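Structure record follows, encoded as structure tokens.
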Amino acid sequence: MDLEKSVNPTSTLLNQCQPNQYPSQPVSTQPVPISTSVNPTSTHLNQCQPNQYPSQPVSTQPVPFSTNDLPISTSDRDNQYPSQPVTNSTSDHLSQYQLNQLCEVERSVASLRADLPPAVEELRHAVETFRMRLETTEHLSWLGFYKKGIGEPLGNLGNSHPYWKNVQYRRKAEEEVTTVCSKFREICDGVVGLDTQELLRLPSFNNWAWKDWEILFLLQHMYNDLGLLSKFGIETEVFRKFLCRVYHCYNQVPFHNFMHAFCVTQMMYGMICKCDLQRRLGDLDVLILLTSCVCHDLDHPGFNNIYQINARTELALRYNDISPLENHHCSVAFSVLERNECNIFKNVPAEDYKKVREGIIRCILATDMARHNEILSDFREIQEFSFENRAHVNVLFMVLIKVADISNEARPLDIAEPWLECLMQEFFNQSDLEKLEGLPVSPFMDREKVTKPSSQCSFIGFVLLPLFEALGTVLPELDVRHFDFLF
Ligand SMILES: Nc1nc2c(ncn2[C@@H]2O[C@H](COP(=O)(O)O)[C@@H](O)[C@H]2O)c(=O)[nH]1
Ligand SMILES: [Zn+2]
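Residue numbers (the UniProt record's numbering): 1 to 487.
Now the structure itself:
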């Protein structure tokens, strides 16, 4: 991220933090760097499709495999974003007589509209604005109106509950998972190309250029590259089944999807490599960190904890309003690992497994942003950090996964910007539903109130930078002032 770009410390947008989301006070008094991508007049906040990636990935990267091992045809790539269907022009369908009539009607409508009383004009404008906001049927489907039968619901609450209690968020269709996993199977014995191996260690890695089965392959590479499969007796087949199951358990939501989990893991992998964490922490800790990232948002429904609690969802009831989502992600992770065929830890000695489980739970639970201040303060309170001190390392783990989790803005703009679109889309989906249900609406999610600049000024200034700076004191290799290595 270019952290030195346009700074506007007098911005009035900086104080929009919400309780439970971002800290209410700036943790740092430094000037607030803002990415130059922010454009107050931007009208494209809503363009991200709910279950797809942005439509213009910039694929400038080399292909991932050595040339002997190119399983993906160019046509596959080209077909990902089909172009618009070509329709015939209106005049092909209408006779000249019909066209004349249509023009006549248009003219009379235009003249009628010119005479509209102001109140009616105002009403018309309101209707038009509302129509625009409704966007697409795809979007409407988010509000719980889409057809049933796409995957299993989270829990069976019965018909007596209002419809929103039964909202089935978008689980992946079985066929899609099968297709992606079999394509992964076709390439998984290959080797990741050297250029890609290098890129994979950098925050400038462009996730948008890769398909899901390639992403699975890249995840496999990271574990292999760190020697985790051989060091912990993880059978290749078990590992692949684990990855496919994880893929299956991420939902088709705009932001908290499988690609997000990959990006978080990739950022963690980059930090592990850059800071030589494998030597400083050990293999087991690296296994914990990487696996926590892979699993940290499993089965995320696309509606945050505030929603879960206010809507009294099954998750909130199950976890007594205490980090319901993070508890759920963690629980799903260990349910996946409970399946013998997916249990990548089955050859890990019991004593180490205990550490793995504790470590993963600690890391995943730390991603609840409501705990941001608590974790940051704990980290700052450490006087002289020591890798020998387990209490210190435990806090470091939480900070590391948090940094990886919120690090989109530390990536180049063409990668970060689409992520912001996705996040905003998820926020808007939630606030729309909250309005429908008569629940409190978080202003930072409200399409009527939030803008990209307001959101990012607060987030980068109050949340991201203070966290990155704190981590930089213990791992100077990551200090933002030395970020030139990144790009
Ligand atoms: N306004 C922004 N909020 C962001 C951004 N990146 C992350 N976030 C918020 O943090 C949490 C991260 O936790 P997760 O485990 O849920 O992924 C996320 O939900 C957002 O609320 C950002 O760039 N801008
Ligand atoms: Zn996350």
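C-beta: ideal position from N, C-alpha, C; glycine also. Computed from a prediction, not measured in an experiment: that's the story for all the values here.
Nearest-angstrom beta carbon gap, V264 and M300 [assumed within contact, 8 Å] | In the sequence under discussion, the amino acid at residue 300 is His, which differs from the Met named in the question. Wrong, their Cβ atoms sit about 12 Å apart, outside the cutoff.
Below 8 Å, can you find three or more Cβ-Cβ pairs linking the region 210-220 to the region 171-190?
-> yes
Is V192 helix, strand or coil by DSSP?
-> strand
In terms of alpha-carbon separation, which member of E351, Y307, D368 lies closest to I401?
-> D368
Under 9 Å between the Cβ atoms of N206 and D405?
-> no
Alpha carbon to alpha carbon, how far is L325 from A316? Give it in angstroms, no decimals.
-> 8 Å
Compare the C-alpha of I306 against each of S108, C457, P443 and name the closest.
-> P443
Using DSSP with H/G/I as helix, E/B as strand and the rest coil, what is V393?
-> helix
On the premise that L287 lies in contact with L243, defined as a C-beta separation below 8 Å, what is that separation, rounded to the nearest angstrom?
-> Wrong, their Cβ atoms sit about 14 Å apart, outside the cutoff.
Where V180 sits in the DSSP three-state scheme | helix
Compare the Cα-Cα distances from G270 to each of S204, V463, I322, C422 and report the closest residue.
-> S204
F428 in three-state terms, based on DSSP | helix
Using the C-alpha atoms, what's the distance from D432 back to K449?
-> 12 Å
Is D405 near ligand 2, with its Cβ less than 8 Å from a heavy atom?
-> yes
Give me the Cα-Cα distance between L277 and T236, rounded to the nearest whole angstrom.
-> 24 Å
When DSSP labels each residue in this structure, what does E469 get in the three-state scheme?
-> helix
Counting along the chain, where does the alpha helix (DSSP H) carrying E338 start and finish?
-> 324-338
CB of D378 to nearest heavy atom of ligand 2: below 8 Å?
-> no
Using the beta-carbon count (16 or more within 10 Å), is S454 buried or exposed?
-> buried
Select from R171, A119, F427 the residue whose C-alpha is nearest the C-alpha of residue 488.
-> What the structure shows of the chain is the stretch from 1 to 487, and residue 488 is not part of that stretch, so it cannot be assessed.
Kindly indicate which residue of S407, Q430, K354 has the alpha-carbon position closest to the one of W419.
-> S407
Contact check, V238 vs C342, beta carbons under 9 Å | yes
Is any heavy atom in ligand 2 found nearer than 8 Å to the beta carbon of A261?
-> yes
Could you round the C-beta distance between C249 and L298 to whole angstroms and report it? I think they count as a contact, below 8 Å.
-> 5 Å
Taking the C-alpha atoms as reference points, what is the distance between E198 and Q266?
-> 12 Å
What span of residues does the alpha helix (DSSP H) with K355 cover, start to end?
-> 350-365
Where does G461 fall in DSSP's three states?
-> helix
Can you give me the start and stop residues for the alpha helix (DSSP H) that K241 sits inside?
-> 236-249
Is S292 buried or exposed, if buried means 16 or more other CB atoms sit within 10 Å of its CB?
-> buried
Span of the alpha helix (DSSP H) around F258 | 258-274
Same chain, Cβ closer than 7 Å to V474, neighbours up to 5 away in sequence not counted | F385, L396
Environment of P118 [buried if 16+ CB atoms lie within 10 Å] | exposed
Look at the Cβ atom of L194, then the Cβ atom of H221, and state whether they are nearer than 9 Å.
-> no
Unbroken alpha helix (DSSP H) run spanning M222, endpoints = 212-225
Excluding the 5 residues preceding and the 5 following L393 in the sequence, name in chain order all residues of the same chain whose CB lies nearer than 8 Å to its CB.
-> The sequence shown places Val at residue 393, rather than the Leu named in the question. Hits under 8 Å: L281, D285, F387.
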